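Trainee: My structure is below; once you've seen it, I'll send some questions.
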Amino acid sequence: LAKTTQPISMDSYEGQEVNITCSHNNIATNDYITWYQQFPSQGPRFIIQGYKTKVTNEVASLFIPADRKSSTLSLPRVSLSDTAVYYCLVGGNRLAFGKGNQVVVIP
Amino acid sequence: GAVVSQHPSWVICKSGTSVKIECRSLDFQATTMFWYRQFPKQSLMLMATSNEGSKATYEQGVEKDKFLINHASLTLSTLTVTSAHPEDSSFYICSARRFPLAGDGETQYFGPGTRLLVL
């Protein structure tokens, strides 16, 4: 199972941009990088997925450097409802969830 | 699109009884479904991988005779916790991986989870 490493937690003020990093040194050539958001007592919610360079959708951007050994999820102008645990995963089969990053948005 | 449902959303049962949890992909066909377990303040742990019409593959340490998985169709998988005990109390989450679309990295879409409490 491909492992990922993320900071345990981070705080941010409402309205700020939040950047969450993830290391995945052992990513395989055909692995995609996927980010999920999880609220307490809910299943993870898909946020964004990418293979290389930059991907943007209506809620986030994902930056992936050329070596693909890390990635950064960018949440623009966070609100209180973005307080959640964020997980980055690599691959699409047997996913190994790390501890995730607890993001707390402060008013 | 890509909605996954679980039923029930929560269940309380007595020790020794069996509990069945259903996982359905509502608007897509799933090549594979997965079952996870999550204890309080912890991350998700993969329990097993399930393909339609074949036996599930269990992760190390997961008892296949205790956690029975049936994958009846491309949209339905069930997890039965047999002879449940208090230590089986947890949050059970399924996911479904759809047939890959162009540019899709075999994304897994997760259900809302089932809270199991064994008394």
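Sequence lines, in order, name chains A and U. My numbering applies: residue 395 is where the first sequence begins, and numbers increase by one. My numbering applies: residue 501 is where the second sequence begins, and numbers increase by one. Beta carbons: idealized from backbone N, C-alpha and C, even for Gly. Just so we're clear, the structure is a prediction, and the values are computed from it rather than from any experiment.
Listed in chain order, which residues of the stretch 591-602 of chain U have Cβ atoms closer than 9 Å to some Cβ of chain A?
Mentor: Taking 9 Å as the Cβ-Cβ cut-off against chain A, the residues of the stretch 591-602 of chain U that qualify are F591, I593, C594, S595, R597, P600.
Trainee: Just to check my reading of the structure: T607 (chain U) and Q443 (chain A) have Cβ atoms closer than 8 Å, yes? What is that Cβ distance to the nearest angstrom?
Mentor: Counting from one through the second sequence, the residue named residue 607 (chain U) turns up at place 107. Counting from one through the first sequence, the residue named residue 443 (chain A) turns up at place 49. Right, their Cβ atoms sit about 6 Å apart.
Trainee: For D405 (chain A), name the three-state secondary structure that DSSP assigns.
Mentor: Numbered from its first residue, the first sequence carries residue 405 (chain A) at position 11. Residue state, collapsed to three classes: strand.
Trainee: Is the stretch 409-422 of chain A touching the stretch 474-485 of chain A, taking contact as three or more C-beta pairs under 8 Å?
Mentor: Short answer: they touch.
Trainee: Identify each residue in the stretch 428-443 of chain A for which the Cβ-Cβ distance to at least one residue of chain U is less than 9 Å, and report them in chain order.
Mentor: Listed in sequence order: T428, Y430, Q432, S435, Q436, G437, P438, R439, F440, Q443.
Trainee: Among U:V511, U:F534, U:I521, whose alpha-carbon lies nearest the alpha-carbon of Y609 (chain U)?
Mentor: Start at 1 with the first residue of the second sequence, and residue 609 (chain U) comes out as number 109. The candidate whose alpha carbon is nearest that of Y609 (chain U) is U:F534.
Trainee: Whole angstroms is fine: what's the gap from P586 (chain U)'s alpha carbon to T517 (chain U)'s?
Mentor: Residue mapping note: residue 586 (chain U) aligns to position 86 of the second sequence, counting from 1. Residue mapping note: residue 517 (chain U) aligns to position 17 of the second sequence, counting from 1. Approximately 11 Å, taken between the alpha carbons.
Trainee: Taking CB distances under 8 Å as the criterion, tell me whether Y445 (chain A) reaches chain U.
Mentor: Translated into the one-based positions of the first sequence, residue 445 (chain A) becomes position 51. So, interface residue.
Trainee: Taking one C-beta from the stretch 524-544 of chain U and one from the stretch 581-597 of chain U each time, how about it: are there three or more such pairs within less than 8 Å?
Mentor: Touching, per the Cβ criterion.
Trainee: Does chain U have any CB closer than 8 Å to the CB of R462 (chain A)?
Mentor: Mapped onto the first sequence, residue 462 (chain A) falls at position 68. Closer than 8 Å: no.
Trainee: Name the residues in the stretch 486-500 of chain A whose C-beta lies less than 8 Å from a C-beta of chain U; which are they?
Mentor: Going along the stretch 486-500 of chain A in chain order, one finds G486, N487, R488, L489, A490, F491, G492, K493, G494 with a Cβ nearer than 8 Å to chain U.
Trainee: Buried or exposed, going by whether 16 or more other CB atoms sit within 10 Å of the CB of W510 (chain U)?
Mentor: The residue you call residue 510 (chain U) lines up with position 10 of the second sequence. Flag for W510 (chain U) reads exposed.
Trainee: By how many angstroms is the C-alpha of D461 (chain A) removed from the C-alpha of T508 (chain U)?
Mentor: Looking up residue 508 (chain U) in the second sequence gives position 8. Looking up residue 461 (chain A) in the first sequence gives position 67. Note on identity: in this sequence residue 508 (chain U) is Pro, with Thr being the wrong assignment. Using only the alpha carbons, I get a separation of about 43 Å.
Trainee: Quick one: which chain A residues come within Cβ less than 9 Å of T607 (chain U)?
Mentor: Within the second sequence, numbered from 1, the residue matching residue 607 (chain U) stands at position 107. Result: Y426, T428, F440, Q443, G486.
Trainee: Could you spell out where the beta strand (DSSP E) holding T450 (chain A) opens and where it closes?
Mentor: Counting from one through the first sequence, the residue named residue 450 (chain A) turns up at place 56. Taken as a continuous stretch (DSSP letters only), the beta strand (DSSP E) holding T450 (chain A) covers 447-450.
Trainee: Taking C-beta pairs closer than 8 Å, name the residues in chain A that P612 (chain U) reaches, listed in chain order.
Mentor: Against the second sequence, residue 612 (chain U) aligns to sequence position 112. Here the neighbours are Q436, G437.
Trainee: Does the beta-carbon distance from I521 (chain U) to L574 (chain U) come in below 8 Å?
Mentor: In the second sequence, counting from the first residue as 1, residue 521 (chain U) sits at position 21. In the second sequence, counting from the first residue as 1, residue 574 (chain U) sits at position 74. Against a cut-off of 8 Å, the Cβ pair of L574 (chain U) and I521 (chain U) comes out as no contact.
Trainee: Looking at the unbroken beta strand (DSSP E) that takes in S455 (chain A), where does it start and where does it end?
Mentor: Locating residue 455 (chain A) in the first sequence gives position 61, where the first residue counts as 1. Looking at the DSSP string, the run of the beta strand (DSSP E) that includes S455 (chain A) is 455-458.
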